[in-house]
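Everything in the sequence shown is counted per my numbering, starting at 126 for the first residue and increasing by one.
Backbone N, C-alpha and C define an ideal beta-carbon position, used for all residues, glycine too.
Following: one structure in structure tokens, then a few remarks.
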Amino acid sequence: MTFSALPVLQGCIVYTAAGWLLWRCRVLSAAVAVLCVTGAWLGTTHGIRDAREDNLLRHSLPRDEVAIADGLVMTEPVQKAGAWRFVFRTERMCTQYSTVRPPTRLWVQLPETRVNNLFAGERLRLEGRLKVPSATAGDPGGSFARHLHRQGIHRTQRPYRVEHLPQPHPKIVFSRLHRALIHNLRHHLPTREGHIAAAIVLNDRTGLDDAIRESFRRTGTVHILSPSGTHVSMLAVAVWAICRFFRLSRRMSALAVMAIIWLFAGVAAGGEPAFRAAVMGTLVAGAVALQRELDPPTSLALAGFLLVCVDAGTLHDPSFQFSFTLVAAIIASSGWLSAVAFEGTGNGARLYRGILAALLLGGVCAVASAPLTALYYGQMSLIAPVANMVIAAPVQLLTSAGLAAACLPQLPEILSAPIALCAWMVDRKVTASVPFSFAQHERYSCIRAIRRLSRRS
């Protein structure tokens with residue numbers, strides 16, 4: 126995705142005016158308005174610069190040449206079709222005619238015959254031919270090539286020689302722990318339910334077949350299969366409830382929540398979505414630990430500002446846009462949703478009003494994410510609000526219990542049965558929702574137009 130200076134400058138001016146107007150109308154506090162506007166200016170100005178540098182790098186990188194690249198394994202390697210697949214960040218890349226020193230990201234498919242085991246954080250020296258991502262027989266539309274382009278990955282490599290280098294990155298510790306947890310969980314649940322549990326809890330989707338993936342995609346629940354804000358929030362609620370059940374103080378409970386969510390973000394290989402959720406959760410739990418008044422809009426704005434300061438390009442990342450759009454929509458609608466849920470009289474009325482509020486919350490999230498879903502995926506699922514609500518409870522139990530079970534090398538079958546039951550319930554409810562979904566984008570001319578605009582950009 127590329128950006129020109131003039132439209133972005135106009136957008137920043139409009140955004141600044143809107144922030145000032147909302148502050149004057151007392152819709153936003155001064156701190157939230159300043160953080161949002163400053164983050165937008167930082168993200169967009171750096172985004173223009175990064176886009177220009179990225180475009181220059183895309184055209185200047187060698188193609189169809191043999192290159193020797195020294196660098197770091199960035200993402201958790203995944204075994205598929207006889208190869209390890211991962212994103213590789215080069216520190217130096219040499220070809221026959223030139224040397225590329227700026228850090229470059231490559232999509233690598235390393236044959237399993239070249240290396241027995243591989244972890245994120247390892248430093249490698251790879252030798253192979255560089256290729257430009259393009260459409261393949263399995264992906265005639267070239268959707269994966271466009272995905273790599275959005276991630277700033279413009280070359281692929283299938284090395285025929287690999288060498289391990291010393292001084293690995295500290296993230297290798299989390300990668301080894303992540304692999305051990307997956308092994309434990311699959312040992313406890315060596316079934317279809319175990320594959321679903323491994324995907325939801327530890328972001329390991331290698332055991333999922335195409336039918337399961339398609340069911341989650343059509344029902345708008347595919348986000349459950351990768352650790353993100355949903356999992357972090359569910360885990361934080363469970364840890365808080367357990368700590369309060371054992372009568373720990375609010376401060377100790379908040380510290381326990383922060384420790385667990387950061388441990389989960391590290392070992393679950395959820396990447397940037399889990400990291401962003403951990404930052405947001407730390408700010409909220411930190412306010413409780415410091416006995417400060419909770420201010421969700423300020424916490425959300427501060428989390429976004431800190432993430433933009435760390436990496437200005439994150440403002441244009443689809444997962445960043447999804448995360449903060451949904452959280453902002455939930456915060457904005459929390460007042461009247463609470464009124465719908467708790468203003469009833471009698472236990473029966475409150476139960477029905479609580480169910481209605483949950484449905485409305487799912488509708489709010491679906492409406493808030495619909496433009497982004499149409500833009501990046503070209504589809505919408507009309508059953509998504511209901512499907513997300515009915516699987517919320519088993520997913521929360523599965524996330525908490527599954528992570529606890531993965532930490533144990535041995536687990537009695539009587540304790541693994543509830544985890545398998547939760548995974549089975551998630552699978553059955555998602556499968557039952559498929560006939561009521563509508564995820565085909567061809568009938569919506571507006572979505573086709575949005576897709577054409579996104580491809581042009």
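- Message: Restricting to Cα atoms, I'd like to know which of S300, E418, F370 and M383 is closest to S358.
- Response: Here the question's residue 358 lines up with position 233 in the sequence shown. Measuring from the Cα of S358, the nearest candidate turns out to be M383.
- Task: Could you tell me how far apart the beta carbons of A390 and A403 are, in whole angstroms, since I believe they sit closer than 8 Å?
- Result: By one-based count along the sequence shown, residue 390 stands at place 265. By one-based count along the sequence shown, residue 403 stands at place 278. Confirmed, about 4 Å.
- Message: Here's the rule: buried if 16 or more other CB atoms are within 10 angstroms of the residue's CB, otherwise exposed. What is P519?
- Response: As a working note, residue 519 is residue 394 in the sequence shown. By the neighbour-count rule (16 or more Cβ atoms within 10 Å), P519 is buried.
- Proximity to G168 [Cα-Cα], best of W209, D442 and T450: For the purposes of this step, residue 168 is taken as the residue at position 43 of the sequence shown. Comparing Cα positions, the closest option is D442.
- Can you grab the Cα-Cα spacing for the pair P291 / G345, in whole Å? For the purposes of this step, residue 291 is taken as the residue at position 166 of the sequence shown. For the purposes of this step, residue 345 is taken as the residue at position 220 of the sequence shown. Each residue's Cα considered, the two are about 43 Å apart.
- How big is the Cα-Cα spacing for T200 and N328? Reading the sequence shown from its first residue, position 75 is the one you call residue 200. Reading the sequence shown from its first residue, position 203 is the one you call residue 328. The alpha-carbon atoms of T200 and N328 are separated by roughly 12 Å.
- Query: Helix or strand or just coil, what does DSSP make of C219?
  - Reply: As a working mapping, residue 219 is identified with position 94 in the sequence shown. It is a strand residue.
- Query: Exposed or buried, which one is Q221 when buried takes at least 16 other CB atoms within 10 Å?
  - Reply: What you label residue 221 is simply residue 96 of the sequence shown in a count that begins at 1. By the 10 Å Cβ count, Q221 comes out exposed.
- Query: Is W365 buried or exposed, if buried means 16 or more other CB atoms sit within 10 Å of its CB?
  - Reply: Here residue 365 corresponds to residue number 240 of the sequence shown, with the count starting at 1. Classification of W365: buried, given that the 10 Å Cβ count is 16 or more.
- Task: Please report the Cβ distance between L310 and G319, rounded to the nearest whole angstrom; I am assuming they are in contact, meaning their Cβ atoms lie under 8 Å.
- Result: Position 185 of the sequence shown, counting from 1, holds the residue named residue 310. Position 194 of the sequence shown, counting from 1, holds the residue named residue 319. That pair is a contact at about 7 Å.
- Limits of the alpha helix (DSSP H) - the one that P422 falls within: Working through the sequence shown from its first residue, we reach residue 422 at position 297. Counting along the chain, the unbroken alpha helix (DSSP H) around P422 starts and ends at P421 to V435.
- Item | Opposing strand residues paired with H289 [DSSP bridges] | Taking the first residue of the sequence shown as 1, we reach residue 289 at position 164. Partner(s): L249.
- Determine the burial state of C91: buried for a count of at least 16 other Cβ atoms within 10 Å of its Cβ, exposed for fewer. Look at the range of the chain in this structure, 126 to 582, and you will see that residue 91 is not part of it.
- Query: Ends of the alpha helix (DSSP H) at R311?
  - Reply: Within the sequence shown, residue 311 is the residue found at index 186, counting from 1. Element bounds for R311: K296 to H313.
- Item | V392 versus V225, F341 and A245, residue with shortest Cα-Cα distance | Position 267 of the sequence shown, counted from the start, is the residue given in the question as residue 392. Of V225, F341 and A245, the smallest CA-CA separation from V392 is found for A245.
- Neighbourhood of R568 by C-beta, 7 Å cutoff - its chain only, sequence neighbours within 5 removed: Residue 568 sits at position 443 when you count from the first residue of the sequence shown. Model confidence at R568 stands at a pLDDT of 42, short of 50, so the residue's coordinates are unreliable and nothing is read from them.
- What runs of the beta strand (DSSP E), each 3 residues or longer, lie entirely inside the region 504–563? Fully enclosed beta strand (DSSP E) runs of 3 or longer: not present.
- Message: Beta-carbon within less than 8 Å of M377's beta-carbon, same chain only, minus the 5 sequence neighbours each way: which residues are those?
- Response: By one-based count along the sequence shown, residue 377 stands at place 252. Cβ neighbours of M377 beyond the five flanking positions: C368.
- C-alpha distance - T216 paired with L197, whole-angstrom precision: Residue 216 sits at position 91 when you count from the first residue of the sequence shown. Residue 197 sits at position 72 when you count from the first residue of the sequence shown. According to the sequence shown, residue 216 is Glu rather than Thr. Straight-line Cα distance between these residues: approximately 8 Å.
- Query: By how many angstroms is the C-alpha of T141 removed from the C-alpha of Q135?
  - Reply: Within the sequence shown, numbered from 1, the residue matching residue 135 stands at position 10. Within the sequence shown, numbered from 1, the residue matching residue 141 stands at position 16. Cα-Cα distance, rounded: 10 Å.
- Message: Given this structure, state the Cα-to-Cα distance separating L425 from A453, to the nearest angstrom.
- Response: Residue mapping note: residue 425 aligns to position 300 of the sequence shown, counting from 1. Residue mapping note: residue 453 aligns to position 328 of the sequence shown, counting from 1. So the two alpha carbons sit approximately 8 Å from each other.
- Item | With 16 other Cβ atoms within 10 Å as the buried cut-off, status of C434 | Start at 1 with the first residue of the sequence shown, and residue 434 comes out as number 309. Taking all protein chains shown into account, C434 has fewer than 16 neighbouring C-beta atoms within 10 Å of its C-beta and is therefore exposed.
- Message: How far does the alpha helix (DSSP H) with T346 in it extend, from its first residue to its last?
- Response: As a first step, residue 346 is located in the sequence shown; it is residue number 221 there, counting from the start. Per DSSP, T346 lies in no alpha helix (DSSP H) and is assigned neither H nor E.
- Task: List the endpoints of the continuous beta strand (DSSP E) containing A194.
- Result: Position 69 of the sequence shown, counted from the start, is the residue given in the question as residue 194. In the DSSP annotation of this structure, the continuous segment of the beta strand (DSSP E) that includes A194 starts and ends at V191 to V198.
- Message: Is the beta carbon of T316 closer than 8 Å to that of V203?
- Response: Stepping through the sequence shown from its first residue, residue 203 is reached at position 78. Stepping through the sequence shown from its first residue, residue 316 is reached at position 191. The Cβ atoms of V203 and T316 do not sit closer than 8 Å to each other.
- Query: Are there 16 or more other CB atoms within 10 angstroms of the CB of T238, so buried, or fewer, so exposed?
  - Reply: For this step, residue 238 is matched to residue 113 along the sequence shown. With fewer than 16 other Cβ atoms within 10 Å, it is exposed.
- Local conformation of T127 per DSSP, three classes: Mapped onto the sequence shown, residue 127 falls at position 2. Because T127 carries a pLDDT of 47, less than 50, the predicted location of this residue cannot be relied on, and the following value inherits that uncertainty. In the three-state DSSP reduction, T127 falls in the coil class, being neither helix nor strand.
- Message: Rounded to whole angstroms, what is the Cα-Cα separation between A192 and R286?
- Response: Numbered from 1 along the sequence shown, position 67 holds the residue referred to as residue 192. Numbered from 1 along the sequence shown, position 161 holds the residue referred to as residue 286. When rounded, the separation of the alpha-carbon atoms in A192 and R286 is 11 Å.
- Does T229 get closer than 8 Å to chain B when you measure Cβ to Cβ? Chain labels in this structure do not include chain B; a single protein chain is all it has.
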